[in-house]
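**Student:** Under this note's numbering, the first residue of the sequence shown carries the number 5, and numbering increases by one thereafter.
The C-beta atom is built at its ideal place from N, Cα and C for all residues, glycine as well.
None of these values were measured; they are calculated from a predicted model.
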Amino acid sequence: MNQEKIGKFLKELRKQKGLTQEHVAEKFNVSNRTISRWENGNNMPDLDILIEISDFYEVDLREILNGERKSENMDKEIKETVLRAADYTNTEAERYHKRVQICNGIAMLLVFAYTIIKGTSLYDNSAIMVGLDIVQGFAVGMLFVGLLYSSRYGARIRAFKERRMKRHG
Numbered sequence: 005m006n007q008e009k010i011g012k013f014l015k016e017l018r019k020q021k022g023l024t025q026e027h028v029a030e031k032f033n034v035s036n037r038t039i040s041r042w043e044n045g046n047n048m049p050d051l052d053i054l055i056e057i058s059d060f061y062e063v064d065l066r067e068i069l070n071g072e073r074k075s076e077n078m079d080k081e082i083k084e085t086v087l088r089a090a091d092y093t094n095t096e097a098e099r100y101h102k103r104v105q106i107c108n109g110i111a112m113l114l115v116f117a118y119t120i121i122k123g124t125s126l127y128d129n130s131a132i133m134v135g136l137d138i139v140q141g142f143a144v145g146m147l148f149v150g151l152l153y154s155s156r157y158g159a160r161i162r163a164f165k166e167r168r169m170k171r172h173g
């Protein structure tokens with residue numbers, strides 16, 4: 005898949021309709037910069053947005069992915085399959101983000117509890133101090149893992165994990 009070729013094709017489709025990047029950005033609820041990145045071939049739209057783009061410009065999804073016009077139209081069944089795949093991808097992403105939010109929420113509660121207990125006379129007890137230090141370390145670790153997984157490296161980590169599971173599975 006040639007992203008530059010796809011970007012040029014998207015730009016050509018936009019210009020054929022006489023639209024600016026701002027108009028297209030509003031239509032698909034993205035920033036002007038995102039449209040520019042698509043058209044320069046730096047990034048690709050998500051699959052669900054690609055389907056919307058193909059409907060909007062009245063072109064076949066395969067035409068967009070090939071970066072040029074074809075004479076045939078996309079079968080309804082193929083389009084429905086792609087939509088289902090996009091829905092599945094979005095559902096999985098939502099599930100993943102919810103897990104990260106729960107992890108971060110628990111970590112924040114632990115930090116809050118640590119802060120409250122540290123300000124009381126309970127903190128004078130050495131066993132409680134050790135326990136609270138462990139809780140604080142656990143909370144910071146959870147926040148770090150949540151940050152790592154929610155960054156762009158999260159997808160790389162998940163892909164690595166899936167490859168390892170396939171080898172051992």
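#1: Do you know whose CA, among 29, 102, 49 and 59, lies nearest residue 8's CA?
#2: Beta-carbon separation of residue 36 and residue 20 under 8 Å?
#3: I need the straight-line Cα distance from residue 102 to residue 51, nearest angstrom please.
#4: Might you give, ordered along the chain, the residues of its own chain that have their beta carbon closer than 6 Å to the beta carbon of residue 44, omitting 5 neighbours on each side?
#5: Keeping to the same chain, check which residues put their C-beta closer than 6 Å to that of residue 153; ignore five residues upstream and five downstream.
#6: Short check: CB of residue 114 to CB of residue 139, under 8 Å?
#7: Is residue 143 near residue 127, with beta carbons less than 8 Å apart?
#8: Let me know the secondary structure DSSP gives residue 34 once reduced to three states.
#9: Does any C-beta atom of chain B lie closer than 8 Å to the C-beta of residue 122?
#10: Which residues bound the alpha helix (DSSP H) around residue 234?
#11: Contact defined as beta carbons within less than 8 Å: I believe residue 151 pairs with residue 111. What is the distance between those atoms, to the nearest angstrom?
#12: Got a sec? Which residues, its chain only, sit under 8 Å from residue 149 by beta carbon, not counting five neighbours each side?
#13: From 162, 136 and 64, pick the residue whose C-alpha is nearest to that of residue 116; which is it?
#14: Residue 58 lies in the alpha helix (DSSP H); which residues open and close that run?
#15: In the DSSP assignment, find the unbroken alpha helix (DSSP H) run with residue 67 in it and report its ends.
#16: For residue 127, report the span of its alpha helix (DSSP H) as first-last.
**Tutor:** Quick look at the numbers:
#1: Out of 29, 102, 49 and 59, the CA that lies nearest to the CA of residue 8 is found in 49.
#2: The beta carbons of residue 36 and residue 20 sit no closer together than 8 Å.
#3: The straight-line gap separating the alpha-carbon atoms of residue 102 and residue 51 is approximately 21 Å.
#4: Once the five neighbours on either side are set aside, the close Cβ partners of residue 44 are 11.
#5: Within the same chain, residue 153 has close Cβ partners 104.
#6: Contact flag set, yes.
#7: Going by C-beta atoms, residue 143 is not nearer than 8 Å to residue 127.
#8: Coil at residue 34, not helix or strand.
#9: Of the protein chains in the structure, only one exists, and it is not chain B.
#10: This structure does not reach residue 234, given that the chain is present from 5 up to 173, and the question cannot be answered.
#11: Your pair residue 151 and residue 111 does not check out as a contact, with CB atoms roughly 10 Å apart and the cut at 8 Å.
#12: Listed in chain order, the non-local C-beta contacts of residue 149 below 8 Å within the same chain comprise 107, local neighbours out to five positions each way being set aside.
#13: Ranking 162, 136 and 64 by Cα distance to residue 116 puts 136 first.
#14: Membership of residue 58 in the alpha helix (DSSP H) is indicated by the continuous run 51 to 61.
#15: First-last of the alpha helix (DSSP H) with residue 67: 65 to 70.
#16: Secondary structure note for residue 127: it is in no alpha helix (DSSP H), with a DSSP letter that is neither H nor E.
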